[in-house]
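Notes to accompany the following structure.
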Ligand SMILES: Nc1ncnc2c1ncn2[C@@H]1O[C@H](COP(=O)(O)OP(=O)(O)OP(=O)(O)O)[C@@H](O)[C@H]1O
Ligand SMILES: [Mg+2]
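Residue numbers (our numbering): 178 to 510.
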């Protein structure tokens, strides 16, 4: 059995040949006082912010890399086992392809591979995220023409230019959806003296957030705890307020995109101007972020189909067509 895994900071997605994305759950593990794992994935996420004192919900992947090795292994085991249930014994251990951020160190790569092998994989291969995103978005990578990918995830944004099957220029910044949520929460705290949780901030972003002004303003009632009275309170928020709140992280993403464009060799830049930049990852679903990037760079930017799943699909496809892609996977160590 061949399994592609996008081990993201926010979500783990699992792709199986012939079936597509078979699992998608938050990258969260809940442990008790004695570090015993009590829940993984969706069940663990439900516990965030409402757990009894002795249970802690952990996101083991931070900024796209393994922050907690043992917990990451538990997370991988959960997915590998769940995908295999219902299959008869005797199928042997699965082969897995896991995405890692571009430019992770060999120590980090080894940690991911070891975690996968310990979690029950028979063989584990790694692929750099921008490469997986390009494959999943059906952007040709093997030709001599430059292609640019902007993947905005929960923990990181990765921007890369690929040509002849290799990453020519790339940068990764620790700014993504989570950081955007945090800045929305701190804006609400400062402006309204209202404390809101991360999940509420994310809802605000998804429901009414926008990167450019909207013709018709959206509004939403936002519920939190008043910092002075200590009691629950609800305030109405508008999309232009959310836009203002999100400006600092969006500026950081713009800065990184500009940097990559500046570092791109001229021949490849002209390919990118022709074909445009392709966005993937959950963060690319923010209203008008593609238009904002087009506006500030002058290079057309579009969101890939099924942007949230591109990396996962790419890991699966890379494994399915391993003979073709192996030369593009780089060092596995
Ligand atoms: N419609 C939307 N508008 C804005 N943001 C969204 C939307 N849908 C999802 N997101 C954000 O996308 C992020 C998750 O994206 P994704 O699943 O690509 O991240 P990840 O792969 O787990 O993280 P990383 O790649 O950093 O490791 C979350 O921060 C989520 O809030
Ligand atoms: Mg990702």
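Built from N, CA and C at the ideal position, the CB exists for glycine as well. Predicted model only: the values in this text are computed from it and were never measured.
Per DSSP, residue 357 is one residue of the alpha helix (DSSP H) stretching across 354-369. With a cut-off of 7 angstroms, the C-beta of residue 238 is classified as near ligand 1, since at least one heavy atom of the ligand falls inside that distance. When DSSP reads this structure, residue 411 sits in a beta bridge with 400. In chain order, the residues that have a beta carbon nearer than 5 angstroms to some heavy atom of ligand 1 are 185, 186, 187, 188, 241, 330, 331, 332, 333, 353, 354, 379, 383, 458, 459, 460, 462, 463. Annotation for residue 439: the continuous alpha helix (DSSP H) segment containing it runs 416-440. Within 10 angstroms of the beta-carbon of residue 438 lie 16 or more other beta-carbons, which makes it buried.
Put simply, of 235, 307, 191, 285 the residue whose alpha carbon is nearest the alpha carbon of residue 272 is 191. Annotation: the continuous beta strand (DSSP E) that includes residue 479 extends over 478-480. Closest option to residue 260, judged by alpha-carbon separation, among 422, 296, 232, 288: 296.
For residue 467, the CB contacts under 8 angstroms within the same chain, skipping 5 residues up- and downstream, are 456, 461, 478, 479, 480 in chain order. Of the residues assessed, residue 489 falls on the buried side of the cut-off, its CB having 16 or more other CB atoms within 10 angstroms.
A distance below 8 angstroms separates the beta carbons of residue 205 and residue 225. The residue among 329, 333, 337 with its C-alpha nearest the C-alpha of residue 323 is 337. Rounded to the nearest whole angstrom, the C-alpha separation of residue 354 and residue 330 is 6 angstroms. Counting along the chain, the unbroken beta strand (DSSP E) around residue 276 starts and ends at 272-277. If you look at residue 388, you'll find it isn't in any alpha helix (DSSP H); DSSP assigns it neither H nor E.
Going by DSSP, residue 292 is part of the alpha helix (DSSP H) stretching over 283-295.
Where residue 333 is concerned, there is no enclosing beta strand (DSSP E), because DSSP gives it neither an H nor an E. Following the DSSP letters along the chain, one finds residue 307 in no beta strand (DSSP E) but inside the alpha helix (DSSP H) bounded by residues 306-313.
For residue 206, DSSP records a beta bridge to 217, 235. Of all C-beta pairs linking the segment 305-321 to the segment 405-417, fewer than three are shorter than 8 angstroms, placing the two stretches out of contact. Relative to the non-hydrogen atoms of ligand 2, the Cβ of residue 183 comes within a distance shorter than 7 angstroms of at least one. For a cut-off of 8 angstroms, the C-beta gap from residue 293 to residue 301 is around 4 angstroms, short enough to register as a contact. In the three-state scheme derived from DSSP, where H, G and I count as helix and E and B as strand, residue 245 is classed as coil.
Distance from residue 211 to residue 232 at the Cβ level is roughly 11 angstroms; contact not present, criterion being Cβ atoms closer than 8 angstroms. If you draw a 10 Å sphere on the C-beta of residue 284, you find fewer than 16 other C-beta atoms in it, and that means exposed. If you compare the alpha carbons of 395, 396, 410 with that of residue 402, the shortest gap goes to 410.
The residue among 399, 374, 369 with its C-alpha nearest the C-alpha of residue 406 is 369. Taking the CA atoms as reference points, residue 449 sits about 27 angstroms from residue 496. Put simply, of 471, 506, 500 the residue whose alpha carbon is nearest the alpha carbon of residue 327 is 471. Per DSSP, reduced to three states, the secondary structure at residue 457 is strand. Collapsing the DSSP output to three states places residue 491 in a helix. In the structure shown, the three-state DSSP call for residue 300 is strand.
Ligand 2 has no heavy atom closer than 7 angstroms to the beta-carbon of residue 305. Annotation for residue 349: the continuous beta strand (DSSP E) segment containing it runs 343-350.
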